[in-house]
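Numbering (my numbering), first residue to last: 6 to 399.
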Amino acid sequence: MPDTSKGRSAAKRLRLKFLDADAVESCSPFIPRELVTEIAMHCESHPATVASMALVQRSWTAASERVLYMVVRIDINGQRVEVAEAELLMVTLTTSLTKAAYVRSFIFVANEFPPLTHRRSIFAALGATLGHLRSLRHLRLLTPDNKVLHDIPLYQALCRHMTSGVFSLRTLHIPAHYLVNEPTAFETAITAQKDLGVLYCLGQILCPGPAWIPINAASKAGCVALAHNRESQQVTLFLALYKSSFWPEYCRQVEQSLDGARPASLVLYIDHTAHIQPAASAMTQSFLQVRRVEWRFKPAQRARKTKYVLLDIDEVPITLGVFHELQEIAFDAWDVRNANVFIYLEYPDRIKLAQGLRDAGCSKLWKVTFLDGVNVHRQLRRGVEGWFIVPLRS
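In structure tokens, the structure reads:
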């Protein structure tokens, strides 16, 4: 029988040799740095593989870390272990200018917050970390809406960094309540970010309101602004702040920002009912499956205290017929609190509009609401299905 003990010993020595960094450094063949970087970039979607590459030999470390730190993501689900790991990562970024300079995208997602003491420390660390990311281009800070008071220091720090030009962002994803609570500060911060192209707000935004200030500032700088309420699956688009020629590009940018999400409800702010057609034409495939569309118009001034909205009952059905899943459509004004806004559309014309929408392709439509509260519903009465006026209830 052959003696295998020597073979096992040799294998053990070889294994230990390759576990030693200096040994690996000396025995590994030379590979150009450019090729190592190319390999690391190819493995970008597998961070564990890139991290392993950094341990192969010292000459691979810099190339691997450059790729590994390009996208930094921190997820907090209320576990203390996660908080400790996150704080350790942020300490690394604040103490190593080289690694901090690699970061192009930074994502912080807190689905559930840890205890208060850890919460304060992680927000303080996060605010400090952002101040070191001078190459940052894409930032996502997503925190629960029911914990608004706890992340005040975070969005105040974010405003300072944006205003002082620590980084030059291309995209910014933040909770909607950031804009509501710090509208003036974010107006200044957004104006200072000359390259900002997309402002994504997670949550609900009603205009006019505090959030209108920074959103208006973003639009003047050519930045796309949208609000996405995941709970209600509602997306709000502020088309009123952009020229109609820009709407197709606007909607394309919005579609990319939604990351494949298919909203069930769509709210569009436009300045005139005549713009319904170009706005609907700009809608991409991401919005054709919506079940509810709400059009908010800027009313025209008719008298000193009276404003009105005028609908074209012939053009609207043809335009909106592309929304085949549409069940409800609403026509409203920008400011729902204004009681002096009226819609000039006779009751028979409202029924004609609703039927025209169904005939144009909205076969599932059953409800059309108007800003004066006199709506049209599709109902079954006395064995006959049809459209009926539902008057405003006092």
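Glycine included, C-beta positions come from ideal geometry on N, C-alpha and C.
Check, Outcome
"If Q282 and E320 are in contact, beta carbons under 8 Å, what's the gap, nearest whole angstrom?", "6 Å"
"For R297, which residues in the same chain have their Cβ closer than 6 Å to its Cβ, ignoring the five residues on either side in sequence?", "S270 and E333"
"Excluding sequence positions up to five away, which residues of its chain have a Cβ less than 6 Å from the Cβ of D276?", "A245 and K303"
"Tell me the DSSP secondary structure of G388 in three-state form.", "coil"
"For A91, count neighbouring Cβ atoms within 10 angstroms of its own Cβ and tell me buried if that reaches 16, exposed if not.", "buried"
"Out of curiosity, what's the CA-to-CA distance linking R139 and L207?", "25 Å"
"Excluding the 5 residues preceding and the 5 following I195 in the sequence, name in chain order all residues of the same chain whose CB lies nearer than 6 Å to its CB.", "P219, A222 and A223"
"Looking at the strands, I want to know which residues DSSP matches up with Q239.", "N234 and S270"
"Alpha carbon to alpha carbon, how far is W300 from A338? Give it in angstroms, no decimals.", "8 Å"
"DSSP puts C206 in a beta bridge; with which residues?", "I179 and A232"
"What are the start and end residues of the alpha helix (DSSP H) that includes E254?", "W252 to S262"
"Would you say the beta carbon of L184 is closer than 7 Å to some non-hydrogen atom of the ligand MG?", "Judged by which ligands are present, the structure shown has none, so any question about the ligand MG falls away."
"Leaving out five residues before and five after H166 in sequence, what residues of the same chain have Cβ atoms less than 6 Å from its Cβ?", "L135 and G136"
"Please state whether the Cβ-Cβ distance between L131 and L159 is less than 8 Å.", "yes"
"For W300, write down the residues that DSSP places opposite it in a beta bridge.", "L273 and F336"
"Could you give the first and the last residue of the continuous beta strand (DSSP E) run that contains E117?", "S110 to E117"
"With DSSP run on the structure shown, which of helix, strand or coil describes H166?", "helix"
"Measuring only the C-alpha atoms, how far is E351 from F375?", "12 Å"
"Mind reading off the beta-carbon distance from Y247 to L231? Whole number of angstroms is fine, and I expect it under 8 Å.", "With a Cβ gap of about 12 Å, Y247 and L231 do not count as contacting."
"Is it buried or exposed, I394, if we count other Cβ atoms within 10 angstroms and call 16 or more buried?", "exposed"
"Run through DSSP, which three-state label would R355 get?", "helix"
"Quick one: grab the DSSP three-state call for Y247.", "coil"
"Going by C-alpha to C-alpha distance, which of R355, S101, L362 and L385 sits closest to D377?", "R355"
"Just to confirm, is the Cβ distance from V379 to P396 under 8 Å?", "yes"
"Use the C-beta contact count for Q384: other C-beta atoms within 10 angstroms, 16 or more gives buried, fewer gives exposed.", "exposed"
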